[in-house]
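Accompanying notes for the structure given below.
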Ligand SMILES: [Zn+2]
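Numbering (this note's numbering), first residue to last: 411 to 714.
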């Protein structure tokens, strides 16, 4: 069965090259059109992999693009038309290098919670249980309190977007405007984040956009049926989530599973590709994972 492998930002070209070597040892890397054929029953797409890259980080342009071009490969990318044109950062990138304890301090102030409740939790995971407006309130407070400057935009610019579109290397789809955890937002905001990103990206690219990736992407935890319907209403035919699973013809096309690869040497990547489909469900059953961790935070923060 085919599978989809996802990347985010990359800071090491060699790591990306090594990872592609390992993937190409075992699989054929195919364009998204092959995955569409698979879902339409026109191809078995046996032993194939399609690559996707989320967020439109500048490394998509500076590292991933030249490597794929050199190897004659293609990938799908999912971007926010808003950060590209406003030259801003998503909330998690803006706060990525903030001091953890100072960040906890700001979160506790914004949420009017005793800081004790936050001790021991990663502030980034706590922020994933909040709404976008709360996260920006936390960031504003941090900047004010600790005299923190606004970071330069870390994403591709509109000219680069058009170059990537014209290159033939990438299929470009939408990824919301501001990268919220959609499930935490009101119906109105969740719908806006999806529909407006599709509309604005279509306008920038001068064509219809029918692919989308949910921010963070865990079904139920990060998005649900509500978001799948919003995506469908916005004209999306294929929407991508995160689930460590190969593709199957029974997949809901509005929640297509993807594997994430972020780190590890060649040996680790090889093992993950080979045993991942078996190992991941077991890991989720017996060990802590992000879903459980965030539920624990929510319980700890907002109950009693
Ligand atoms: Zn993302």
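Yeah, the Cβ is synthetic: ideal placement off N, Cα and C, and Gly gets one too.
Status (buried if at least 16 other CB within 10 Å, exposed otherwise) for residue 623: buried
Report the option in 414, 671 and 430 whose CA atom is closest to the CA atom of residue 445. 414
query = Are at least three pairs of beta-carbons, each pair with one atom in the stretch 655-672 and one in the stretch 634-647, less than 8 angstroms apart?
reply = yes
For ligand 1, any of its heavy atoms closer than 7 angstroms to the Cβ of residue 491?
no
Counting only runs that start and end within the stretch 517-602, where is the beta strand (DSSP E) found for 3 or more residues in a row?
-> 580-584
Discussion item. Quick check on DSSP: helix, strand or coil for residue 654?
Written reply: coil
Practice prompt. Write down every uninterrupted run of the beta strand (DSSP E) in the stretch 432-476 whose length is 3 residues or greater and which is fully enclosed by it, in chain order.
Written response: 458-464
Query raised in the report: DSSP on residue 508, reduced to helix/strand/coil?
Result: coil
> From residue 567 to residue 495, what does the alpha carbon distance come to, in whole angstroms?
Replying inline: 7 angstroms
Can you tell me which of the three DSSP states residue 608 falls into?
helix
Item to complete: Kindly give me the distance between the Cβ atoms of residue 537 and residue 529, rounded to whole angstroms, as I take these residues to be in contact under 8 angstroms.
Response: In fact, because the Cβ distance is near 15 angstroms, the residues do not count as touching under 8 angstroms.
Tell me whether the stretch 507-516 and the stretch 464-474 touch, counting them as touching only if at least three CB pairs, one residue from each stretch, are closer than 8 angstroms.
no
request  = Taking only the alpha-carbon atoms, compute the straight-line gap between residue 708 and residue 604 and give it to the nearest angstrom.
outcome  = 25 angstroms
Chain-order list of residues whose beta-carbon lies under 6 angstroms from that of residue 574 (same chain, five-residue window excluded)
580
* Given a threshold of 16 other Cβ atoms within 10 Å of its Cβ, counted over all protein chains shown, does residue 398 qualify as buried or as exposed? -> The requested residue 398 does not occur in the structure, where the chain is confined to residues 411 to 714.
**Prompt:** Can you tell which of 430, 419, 584 and 626 has the C-alpha that lies nearest to the C-alpha of residue 535?
**Reply:** 626
Which of helix, strand or coil DSSP assigns to residue 498: coil
Does residue 485 come out as helix, strand or coil in the three-state DSSP assignment? strand
Since residue 500 contacts residue 601 with CB under 8 angstroms, what's their CB separation in whole angstroms?
19 angstroms between Cβ atoms; not a contact.
Assuming residue 552 contacts residue 492 (C-beta within less than 8 angstroms), just tell me the rounded distance between them.
Contact doesn't hold; Cβ gap of about 22 angstroms is too wide.
So, using beta-carbon positions, are residue 396 and residue 668 closer together than 8 angstroms? This structure cannot settle anything about residue 396, because the visible part of the chain is limited to 411 through 714.
Original post:
Hey, residue 440 and residue 460 are a contact pair by Cβ (cut 8 angstroms); roughly how many whole angstroms apart?
Top reply: 6 angstroms
message: Whole angstroms are fine: how far does the CA of residue 592 sit from the CA of residue 706?
response: 19 angstroms
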